[in-house]
Amino acid sequence: MPKMNFSVVVAATSNTFGIGRKGTLPWKIAEDMEFFKTITSTASSGKINAVIMGRKTYESIPAKFKPLSGRTNVILSRNPELRNVLNLPESVHVKSNLSDALNLLKEDQAIDRIFVIGGESVYREALESKFCSKIYLTEVNTDIPDIDTFFPVIRANVFRMTQRGEEKSNGELKYRFTEYEQIQPSSTFTTPTEPVLSPNPEEQQYLSLIKDIIDNGVLRGDRTGTGTISKFGVQMRFNLRDNTLPLLTTKRVFWRGVAEELIWFVQGRTNSNELHDKGINIWDGNGSREFLDSRGLSHRVVGDLGPVYGFQWRHFGAEVSLP
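So the sequence shown is numbered by our numbering: it starts at 4 and just counts up by one.
If you want it as structure tokens, here you go:
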């Protein structure tokens, strides 16, 4: 059977995997565009590469560049009238889904490599396919607002990062080229004997943000003498539909302590002894005799934290006293 493996090419924000805003690319990076052209156009002698894309992606290409030259263009759409609607040349193929597009291309002996180039729903279908062998991801370090389309989470149990280039700059934008490869090539793809873990987009955002802070954060001193690496103005986006609760599993978390502290906060409590009695010592240092005296709070009893977070949530601006 002719080879059906394909690669994905995408540029996405490093923290949230955002890829588009109002139907357009949110940035212009000349080197990334040149990389895209080179990787999707370079084929073996006598052969040609193919690019598969959704209808919106095709429409977003400037008129003077479409169809993408030197490549076989395939558009995915369920609209039977799309060819007439977009006035597509005969050289452009239209298929209803990724599987049909791959079946078309595998029969063409002139096709060398196949690339999926967007948009969101096509990327999602591509990453669910066992024939997705490689991902070329340009990580763009930016916090552009109003991003409304996103690249799916790259599952760590399916793909591994094989290359991570040095960070580069394009004006105020910073970016880097990365590559991922399928851990289990499709030629030996078998149904797992154990359940495959579902992707965790919440944790992926967290890990990407930590990586960004380590690479680009600002080193600052603090009262402990240890120092911090920080970056302000970043964000994570969570979808709470379908009973989803953002949860980190990579980082070792004292879950009982987190839950008890949250309940304590929600109640507007200020007495750290209540947590201490449950074996949760998060606030012991801030309620110790030594700490209170050093802050001129000698009138407070040990464990009286004053109007801390939870109290402010419940009783903003009110006076506080430890019962």
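The beta carbon of each residue, even a glycine, is placed where N, CA and C say it ideally should be. Fair warning: this is a prediction, and the values are worked out from it, not measured in the lab.
(1) Quick check on DSSP: helix, strand or coil for residue 35?
(2) Taking only three categories from DSSP, how would you classify residue 302?
(3) Evaluate residue 243 with the Cβ neighbour count: other Cβ atoms within 10 Å of its Cβ, from every protein chain shown; 16 or more gives buried, anything less gives exposed.
(4) Identify the continuous alpha helix (DSSP H) that holds residue 177 and give its terminal residues.
(5) Taking residue 139 as the reference, which of 126, 148, 149 has the closest Cα?
(6) Secondary structure at residue 293, three-state DSSP: helix, strand or coil?
(7) Please classify residue 3 as buried or exposed, where buried requires at least 16 neighbouring CB atoms within 10 angstroms.
(8) Can you tell me whether residue 236 is helix, strand or coil according to DSSP?
(9) Using a Cβ-based criterion (distance less than 7 Å to any ligand heavy atom), does residue 167 qualify as near the ligand ADP?
(10) Apart from the five residues just before and just after residue 307, which ones in its own chain have a Cβ nearer than 7 Å to its Cβ?
(11) Report the rounded CA-to-CA distance for residue 276 versus residue 220, giving the unit in angstroms.
(12) Just checking my contact of residue 2 with residue 182 at CB under 8 Å: how many whole Å lie between their CB atoms?
(13) Roughly how many angstroms separate the alpha carbons of residue 282 and residue 16, rounded to a whole number?
(14) DSSP three-state call for residue 193: helix, strand or coil?
(15) Taking three-plus beta-carbon pairs below 8 Å as touching, is the stretch 143-154 in contact with the stretch 22-36?
Let's see:
(1) Position 32 of the sequence shown, counted from the first residue, corresponds to residue 35. The answer is helix: DSSP assigns residue 35 an H, G or I state.
(2) Taking the first residue of the sequence shown as position 1, residue 302 is located at position 299. Three-state result, residue 302: coil.
(3) Locating residue 243 in the sequence shown gives position 240, where the first residue counts as 1. Under this definition residue 243 is an exposed residue.
(4) For the purposes of this step, residue 177 is identified with residue 174 of the sequence shown, where counting begins at 1. Unbroken run through residue 177 is the beta strand (DSSP E), 176-185; no alpha helix (DSSP H).
(5) Locating residue 139 in the sequence shown gives position 136, where the first residue counts as 1. Between residue 139 and the set 126, 148, 149, the nearest pair of CA atoms involves 126.
(6) Here the question's residue 293 lines up with position 290 in the sequence shown. In the structure shown, residue 293 sits in a helix (DSSP, three-state: H, G or I).
(7) This structure cannot settle anything about residue 3, because the visible part of the chain is limited to 4 through 326.
(8) Start at 1 with the first residue of the sequence shown, and residue 236 comes out as number 233. Judged by DSSP in its simplified three-state form, residue 236 adopts coil rather than helix or strand.
(9) Ligands in the displayed structure: none, and consequently the ligand ADP is not present.
(10) Mapped onto the sequence shown, residue 307 falls at position 304. Within its own chain, the residues whose Cβ lies closer than 7 Å to the Cβ of residue 307, once the five positions on either side in sequence are excluded, are 273, 274, 290, 325, listed in chain order.
(11) As a working note, residue 276 is residue 273 in the sequence shown. As a working note, residue 220 is residue 217 in the sequence shown. About 36 Å.
(12) An answer regarding residue 2 cannot be provided, because it is not within the stretch 4 to 326 covered by the chain.
(13) For the purposes of this step, residue 282 is identified with residue 279 of the sequence shown, where counting begins at 1. For the purposes of this step, residue 16 is identified with residue 13 of the sequence shown, where counting begins at 1. Those two C-alpha atoms are separated by around 41 Å.
(14) As a working note, residue 193 is residue 190 in the sequence shown. Any answer about residue 193 is weak, because its pLDDT of 43 lies below 50 and its placement is not dependable; what the coordinates show is given next. It is coil, neither helix nor strand.
(15) yes
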